[in-house]
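Input: a single structure, listed below in structure tokens.
There are 2 protein chains.
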Amino acid sequence: MRQQPERLSFEISAREGEARAGRLQTAHGSVETPAFVPLATRGSVKGLLSPEVAELGYEMVLGNTYHLMLTPGAERIAEFGGLHSFMDWPGAIITDSGGFQVFSLAHGAVADEVKGRRGRPPLDGGVLEISEQGVRFRSYIDGAEQFLSPERSMEVQAMLGSDIALVFDECTPYRADRDYTARSMERTHRWLERCLDWHRDHGPDRQAVFGIVQGGVHEDLRRESAAVVSASGVDGLAIGGTLGRDKEEMRSVLDMTLAGLPAEAPKHLLGIGEPDDLLEGIARGIDSFDCAVPTRLGRHGMALAPRPASRFRFDLRNRREAGEHGPLVEGCPCPACARLSRGYVHYLSRAEELSGVRLITLHNLVYTEAIVSRARRAIAAAGFEAYRAAVLAGATPWEAAGER
Amino acid sequence: MRQQPERLSFEISAREGEARAGRLQTAHGSVETPAFVPLATRGSVKGLLSPEVAELGYEMVLGNTYHLMLTPGAERIAEFGGLHSFMDWPGAIITDSGGFQVFSLAHGAVADEVKGRRGRPPLDGGVLEISEQGVRFRSYIDGAEQFLSPERSMEVQAMLGSDIALVFDECTPYRADRDYTARSMERTHRWLERCLDWHRDHGPDRQAVFGIVQGGVHEDLRRESAAVVSASGVDGLAIGGTLGRDKEEMRSVLDMTLAGLPAEAPKHLLGIGEPDDLLEGIARGIDSFDCAVPTRLGRHGMALAPRPASRFRFDLRNRREAGEHGPLVEGCPCPACARLSRGYVHYLSRAEELSGVRLITLHNLVYTEAIVSRARRAIAAAGFEAYRAAVLAGATPWEAAGER
Numbered sequence: 172m173r174q175q176p177e178r179l180s181f182e183i184s185a186r187e188g189e190a191r192a193g194r195l196q197t198a199h200g201s202v203e204t205p206a207f208v209p210l211a212t213r214g215s216v217k218g219l220l221s222p223e224v225a226e227l228g229y230e231m232v233l234g235n236t237y238h239l240m241l242t243p244g245a246e247r248i249a250e251f252g253g254l255h256s257f258m259d260w261p262g263a264i265i266t267d268s269g270g271f272q273v274f275s276l277a278h279g280a281v282a283d284e285v286k287g288r289r290g291r292p293p294l295d296g297g298v299l300e301i302s303e304q305g306v307r308f309r310s311y312i313d314g315a316e317q318f319l320s321p322e323r324s325m326e327v328q329a330m331l332g333s334d335i336a337l338v339f340d341e342c343t344p345y346r347a348d349r350d351y352t353a354r355s356m357e358r359t360h361r362w363l364e365r366c367l368d369w370h371r372d373h374g375p376d377r378q379a380v381f382g383i384v385q386g387g388v389h390e391d392l393r394r395e396s397a398a399v400v401s402a403s404g405v406d407g408l409a410i411g412g413t414l415g416r417d418k419e420e421m422r423s424v425l426d427m428t429l430a431g432l433p434a435e436a437p438k439h440l441l442g443i444g445e446p447d448d449l450l451e452g453i454a455r456g457i458d459s460f461d462c463a464v465p466t467r468l469g470r471h472g473m474a475l476a477p478r479p480a481s482r483f484r485f486d487l488r489n490r491r492e493a494g495e496h497g498p499l500v501e502g503c504p505c506p507a508c509a510r511l512s513r514g515y516v517h518y519l520s521r522a523e524e525l526s527g528v529r530l531i532t533l534h535n536l537v538y539t540e541a542i543v544s545r546a547r548r549a550i551a552a553a554g555f556e557a558y559r560a561a562v563l564a565g566a567t568p569w570e571a572a573g574e575r
Numbered sequence: 172m173r174q175q176p177e178r179l180s181f182e183i184s185a186r187e188g189e190a191r192a193g194r195l196q197t198a199h200g201s202v203e204t205p206a207f208v209p210l211a212t213r214g215s216v217k218g219l220l221s222p223e224v225a226e227l228g229y230e231m232v233l234g235n236t237y238h239l240m241l242t243p244g245a246e247r248i249a250e251f252g253g254l255h256s257f258m259d260w261p262g263a264i265i266t267d268s269g270g271f272q273v274f275s276l277a278h279g280a281v282a283d284e285v286k287g288r289r290g291r292p293p294l295d296g297g298v299l300e301i302s303e304q305g306v307r308f309r310s311y312i313d314g315a316e317q318f319l320s321p322e323r324s325m326e327v328q329a330m331l332g333s334d335i336a337l338v339f340d341e342c343t344p345y346r347a348d349r350d351y352t353a354r355s356m357e358r359t360h361r362w363l364e365r366c367l368d369w370h371r372d373h374g375p376d377r378q379a380v381f382g383i384v385q386g387g388v389h390e391d392l393r394r395e396s397a398a399v400v401s402a403s404g405v406d407g408l409a410i411g412g413t414l415g416r417d418k419e420e421m422r423s424v425l426d427m428t429l430a431g432l433p434a435e436a437p438k439h440l441l442g443i444g445e446p447d448d449l450l451e452g453i454a455r456g457i458d459s460f461d462c463a464v465p466t467r468l469g470r471h472g473m474a475l476a477p478r479p480a481s482r483f484r485f486d487l488r489n490r491r492e493a494g495e496h497g498p499l500v501e502g503c504p505c506p507a508c509a510r511l512s513r514g515y516v517h518y519l520s521r522a523e524e525l526s527g528v529r530l531i532t533l534h535n536l537v538y539t540e541a542i543v544s545r546a547r548r549a550i551a552a553a554g555f556e557a558y559r560a561a562v563l564a565g566a567t568p569w570e571a572a573g574e575r
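Here the protein sequences line up with chains F and L, keeping their order.
Take any residue in the first sequence, count from 1 to its spot, add 171: that is its number in the numbering used here.
Take any residue in the second sequence, count from 1 to its spot, add 171: that is its number in the numbering used here.
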């Protein structure tokens, strides 16, 4: 791992087992870790203004290369001074490389290839060709042909001006077999080198680059990828690709991957954000997470809550909520819980009022921020194991932290 | 007009020509007039939380009997302590009677009746029967049969607990002829008596009742309706029904109607809210307005602006906005204008991001509030005519008020 403090530094201030609390210093301010990173996929955390996201306690958001290159276009955002300026977000920004999106579109093709069918696989979702060079696909907006490669992804991220760029990788699905996963991982490693070469010559001085560890659910591949990515000269590490079929396998894949990564490096877990997964990741040494869960659940009327038996959520649209006078979650300080009833939020959500989406999104982001910020404080006070056990047993983060 | 200060009082503090500035004192705080009243049709100003609406400077919102009786139901809202408590709005609330909505649904039927077709008119939009007793219709939500009458409308509004209830009226469309409009107006006058009878016996002590003047575009009918409603014992006056085909006819209908109303009474103009219409109404002595325009335009990417040649608005979704670095309106203090570019809001709006709707809605509500609050100050300073002329000529409300 290189140490280039002008673009990124990471300091661990407390440890408890593998869990650690620290601070990631980026070109746009610091991020206390463990941290959750809300998605601003298309230059906006859905339904919120940037100052509101900061008020919730978040210090970093995630923008998406795939979506932003299609519209409004990376060149356009550069003309507005970069993504920070365009969306008025003064804090840190990490950008996804677009790899996950284009390979999600092509999953059908990958599956066919894996099953050993001959000839050119029938590419789905607008993906025209996957080659060593990169991926050709059609824009879902206007059908125009687009191309993403390691170099183009880094170029787009350079124009967006994010503080942390992610390398362009092939995201292999769970159903890919070992052979396909191995070949895909090797290509991802070659692409990693191309990303770093491009960034060395053309990347912004103050932009850090995180590598992505692939290898599917196979221990030897995960170990190999961990070693290759760690040795590559990236500023930090992200864990990508499939983490398995269920939460148990996810924890096992995390264990085998993390065992091969240098302890001091900042580690980001891509696309994971349910309350129990955050705690299991933190317990294993993950420093940051991004995930659509808090915002997407909000748009579907689902509120996060201390309910381990039902995936830490409940459906506010259920008719039984109509007459409930209490808050979504007792003790939660969010605008929905502090002043309103479940019956009112239920009504707004069923009526598909924008204010309903907004209230539940705010609740879910407050709840998720509380999970990680209280974990951070618990690690500093050597109380993380008790905190994690309490949340997993059904306490709210505030209760588990002894606040109320 | 009765004077019952425990439920409503209205004091005029300054006059300039027919325009006046004053204060409406309701059971839930005072409302400085001239005032614009944002719609909270279904218990929420679309996309905003109640404290945000108050922060914009608004002191009264409008809830809707028709929508709220269908879902979540007036009984449900009463069980939550009334609409103020349900939606966490501490300020004043006026409720529409539902008349406008059920008769809008039935417009097709009215038109057929007007054209002299025989037999039972083919009722549209779920309206099953219009009779002297009231209106039977089907809920647009679940198809269940519903009934609205003067008594039921007042009962619903009593359960909602609004500060100002509107009487149940038949809202006659522009295309209705004089005979139909006259008969409809007479029924509305009979319904007015039934509303007041019900309210006298069963209405909340602190709820005021406003009558609605009908009569279409016909001077004699408007005069008659103005006299009947003014003499009925209502606490205030609203002007309803068609105001004509265009803005010129609207001003003429307003003139003929206002000439017949007592000067000291509070006067509300229903469903009007474009910047020039607000100023023309204020100039004629209107004290308050409600309208979907600021919030509905926001959902369609239209921003209010000092552009008299294009109905004081422009389409942010137009491609020419994509590269614009300036604000929606120079000098506007709203969150979109103060910190963001037209290019960014254009992008969010075209991408149908919730944050785009929210930003334009905030802008439109800030702009509309500025139009009326600066009119209020101008009247107090005997500068309303100059202010109105400046806004109609293309100044922003802040420029017209000499603020920037």
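Glycine included, each C-beta is placed from N, C-alpha and C at the ideal position.
Practice prompt. Flag lysine 217 of chain L as yes if its beta-carbon sits less than 8 Å from any beta-carbon of chain A, otherwise no.
Written response: Within the model displayed, chain A is absent; protein chains F and L are what it includes.
Item to complete: Evaluate alanine 571 of chain F with the Cβ neighbour count: other Cβ atoms within 10 Å of its Cβ, from every protein chain shown; 16 or more gives buried, anything less gives exposed.
Response: Taking the first residue of the first sequence as 1, we reach residue 571 of chain F at position 400. That one is buried.
Worksheet item: If you count every other CB in all the chains shown that lies within 10 Å of the CB of histidine 534 of chain F, and 16 or more means buried, which is it?
Response: The sequence position of residue 534 of chain F within the first sequence is 363, counting from 1. Within 10 angstroms of the beta-carbon of histidine 534 of chain F lie 16 or more other beta-carbons, which makes it buried.
Item to complete: Taking C-beta pairs closer than 9 Å, name the residues in chain F that valine 464 of chain L reaches, listed in chain order.
Response: The sequence position of residue 464 of chain L within the second sequence is 293, counting from 1. Within 9 Å Cβ-Cβ: nothing; valine 464 of chain L doesn't reach chain F, min ~17 Å.
Discussion item. Less than 8 Å between CB atoms is the rule here; does glutamate 303 of chain F satisfy it with respect to chain L?
Written reply: Position 132 of the first sequence, counted from the start, is the residue given in the question as residue 303 of chain F. It does not; no Cβ of chain L falls within 8 Å.
Practice prompt. Using a Cβ cut-off of 7 Å, pull out every chain F residue sitting near valine 224 of chain L, in sequence order please.
Written response: In the second sequence, counting from the first residue as 1, residue 224 of chain L sits at position 53. Ordered by position in chain F, no residue passes the 7 Å Cβ test against valine 224 of chain L, which lies about 10 Å from the chain.
Fill in: Through-space distance from arginine 478 of chain F to glycine 228 of chain L, alpha-carbon basis
Counted from its first residue, the second sequence places residue 228 of chain L at position 57. Counted from its first residue, the first sequence places residue 478 of chain F at position 307. Between glycine 228 of chain L and arginine 478 of chain F, the C-alpha separation is close to 40 Å.
Item to complete: Express the C-alpha separation of valine 424 of chain L and glutamate 451 of chain L in angstroms, rounding to a whole number.
Response: Here residue 451 of chain L corresponds to residue number 280 of the second sequence, with the count starting at 1. Here residue 424 of chain L corresponds to residue number 253 of the second sequence, with the count starting at 1. Glutamate 451 of chain L and valine 424 of chain L: Cα-Cα distance of roughly 12 Å.
Discussion item. My parser needs the beta strand (DSSP E) runs of 3 or more residues fully inside the segment 410 to 477 of chain F; what are they?
Written reply: Listed in chain order, the complete beta strand (DSSP E) runs (minimum 3 residues) inside the segment 410 to 477 of chain F are 438 to 440, 459 to 462, 473 to 475.
Worksheet entry | Closer than 8 Å to chain L by CB, valine 516 of chain F | Taking the first sequence and counting its residues from 1, the one referred to as residue 516 of chain F is at position 345. No, valine 516 of chain F does not count as interfacial toward chain L.
Discussion item. Just checking: is the beta-carbon of serine 333 of chain F within a distance shorter than 8 Å of some beta-carbon in chain L?
Written reply: Translated into the one-based positions of the first sequence, residue 333 of chain F becomes position 162. No, serine 333 of chain F does not count as interfacial toward chain L.
Worksheet item: When DSSP labels each residue in this structure, what does aspartate 376 of chain F get in the three-state scheme?
Response: Within the first sequence, the letter at position 205 stands for residue 376 of chain F. Three-state DSSP puts aspartate 376 of chain F in coil, outside helix and strand.
Practice prompt. Check the Cβ-Cβ distances between arginine 166 of chain F and every residue of chain L, and say whether any is below 8 Å.
Written response: Nothing about residue 166 of chain F can be read from this structure; chain F reaches only from 172 to 575.
Practice prompt. Below 7 Å CB to CB, which residues in the same chain sit around valine 208 of chain F once its five sequence neighbours on both sides are set aside?
Written response: Within the first sequence, the letter at position 37 stands for residue 208 of chain F. The answer, listed in chain order, is Met231, Val232, Leu233, Ile265, Ser459, Phe460, Asp461.
Discussion item. What does the alpha-carbon distance come out to for the pair serine 184 of chain F and isoleucine 531 of chain F?
Written reply: Here residue 184 of chain F is taken as the residue at index 13 of the first sequence, counted from 1. Here residue 531 of chain F is taken as the residue at index 360 of the first sequence, counted from 1. Roughly 34 Å between the two C-alpha positions.
Worksheet item: How about aspartate 334 of chain F and histidine 199 of chain F: do their beta carbons lie closer than 8 Å?
Response: If you number the first sequence from 1, residue 334 of chain F lands on position 163. If you number the first sequence from 1, residue 199 of chain F lands on position 28. Yes, the pair counts as a contact, with Cβ atoms nearer than the cut-off.
Worksheet item: Relative to the alpha-carbon of methionine 330 of chain L, which residue among L/Asn489, L/Ile410, L/Ile248 has its alpha-carbon at the smallest distance?
Response: One-based indexing of the second sequence puts residue 330 of chain L at position 159. Cα-wise, what sits closest to methionine 330 of chain L is L/Ile248.
Fill in: Segment contact flag, the segment 252 to 263 of chain F with the segment 344 to 353 of chain F, C-beta cutoff 8 Å, min 3 pairs
Short answer: they don't touch.
Discussion item. Do glycine 332 of chain F and tyrosine 311 of chain F have their beta-carbon atoms positioned less than 8 Å apart in this structure?
Written reply: Looking up residue 311 of chain F in the first sequence gives position 140. Looking up residue 332 of chain F in the first sequence gives position 161. For tyrosine 311 of chain F and glycine 332 of chain F, no; Cβs fall outside 8 Å.
Worksheet entry | Below-8 Å beta-carbon distance, leucine 299 of chain F vs any chain L residue | If you number the first sequence from 1, residue 299 of chain F lands on position 128. No, because no Cβ of chain L sits closer than 8 Å to the Cβ of leucine 299 of chain F.
Worksheet item: Exposed or buried, which one is leucine 578 of chain L when buried takes at least 16 other CB atoms within 10 Å?
Response: This structure leaves residue 578 of chain L out entirely; chain L is present only between 172 and 575.
Worksheet item: In whole angstroms, what separates the C-alpha of tryptophan 362 of chain L from that of aspartate 376 of chain L?
Response: Position 191 of the second sequence, counted from the start, is the residue given in the question as residue 362 of chain L. Position 205 of the second sequence, counted from the start, is the residue given in the question as residue 376 of chain L. Approximately 21 Å, taken between the alpha carbons.
Worksheet item: What residues in the segment 482 to 510 of chain F have a beta carbon less than 8 Å from any beta carbon of chain L?
Response: If you check each beta-carbon in the segment 482 to 510 of chain F against every beta-carbon of chain L, the ones closer than 8 Å belong to Ala493, Gly494, His496, Pro506, Arg510.
Worksheet item: If you draw a straight line from the C-alpha of alanine 522 of chain L to the C-alpha of glycine 214 of chain F, how long is it?
Response: If you number the second sequence from 1, residue 522 of chain L lands on position 351. If you number the first sequence from 1, residue 214 of chain F lands on position 43. Whole-angstrom Cα-Cα distance: 10 Å.
Worksheet item: Under a CB-based cut-off of 8 Å, is proline 261 of chain F close to chain L?
Response: Position 90 of the first sequence, counted from the start, is the residue given in the question as residue 261 of chain F. No, its Cβ sits nowhere closer than 8 Å to a Cβ of chain L.
Fill in: For glutamate 189 of chain L and arginine 547 of chain L, believed in contact at Cβ under 8 Å, the rounded distance
As a working note, residue 547 of chain L is residue 376 in the second sequence. As a working note, residue 189 of chain L is residue 18 in the second sequence. 15 Å between Cβ atoms; not a contact.
Worksheet item: With 8 Å set as the bound, which would you pick, yes or no: does the beta-carbon of arginine 365 of chain L sit closer than that to a beta-carbon of chain F?
Response: Stepping through the second sequence from its first residue, residue 365 of chain L is reached at position 194. So, not an interface residue.
Worksheet item: In the DSSP assignment, what are the bridge partners of valine 208 of chain F?
Response: Working through the first sequence from its first residue, we reach residue 208 of chain F at position 37. F/Asp461.
Worksheet item: Using the beta-carbon of each residue, which ones in chain F are nearer than 7 Å to alanine 522 of chain L?
Response: As a first step, residue 522 of chain L is located in the second sequence; it is residue number 351 there, counting from the start. Simply Arg213, Thr242.
Worksheet item: According to DSSP, is isoleucine 265 of chain F helix, strand or coil?
Response: Walking along the first sequence from the start, residue 265 of chain F turns up at place 94. DSSP places isoleucine 265 of chain F in strand when its eight states are reduced to three.
Item to complete: Can you tell me which of the three DSSP states glutamine 385 of chain F falls into?
Response: The residue you call residue 385 of chain F lines up with position 214 of the first sequence. Coil at glutamine 385 of chain F, not helix or strand.
Worksheet item: Does the beta-carbon distance from valine 400 of chain F to cysteine 366 of chain F come in below 8 Å?
Response: For the purposes of this step, residue 400 of chain F is taken as the residue at position 229 of the first sequence. For the purposes of this step, residue 366 of chain F is taken as the residue at position 195 of the first sequence. In this structure, cysteine 366 of chain F does not lie closer than 8 Å to valine 400 of chain F by Cβ.
Discussion item. Between F/Arg488, F/Gly404, F/Glu316, which has its C-alpha nearest arginine 371 of chain F's C-alpha?
Written reply: The residue labelled residue 371 of chain F in the question sits at position 200 within the first sequence. Minimum Cα distance to arginine 371 of chain F is reached at F/Gly404.
Discussion item. Measuring alpha carbon to alpha carbon, tell me which residue in L/Glu492, L/Glu246, L/Pro504 is nearest phenylalanine 251 of chain F.
Written reply: Within the first sequence, the letter at position 80 stands for residue 251 of chain F. Comparing Cα-Cα distances from phenylalanine 251 of chain F to each of L/Glu492, L/Glu246, L/Pro504, the minimum goes to L/Glu492.
Practice prompt. Pick helix, strand or coil for leucine 337 of chain F, following the three-state DSSP scheme.
Written response: Stepping through the first sequence from its first residue, residue 337 of chain F is reached at position 166. Leucine 337 of chain F: strand per DSSP, three-state reduction.
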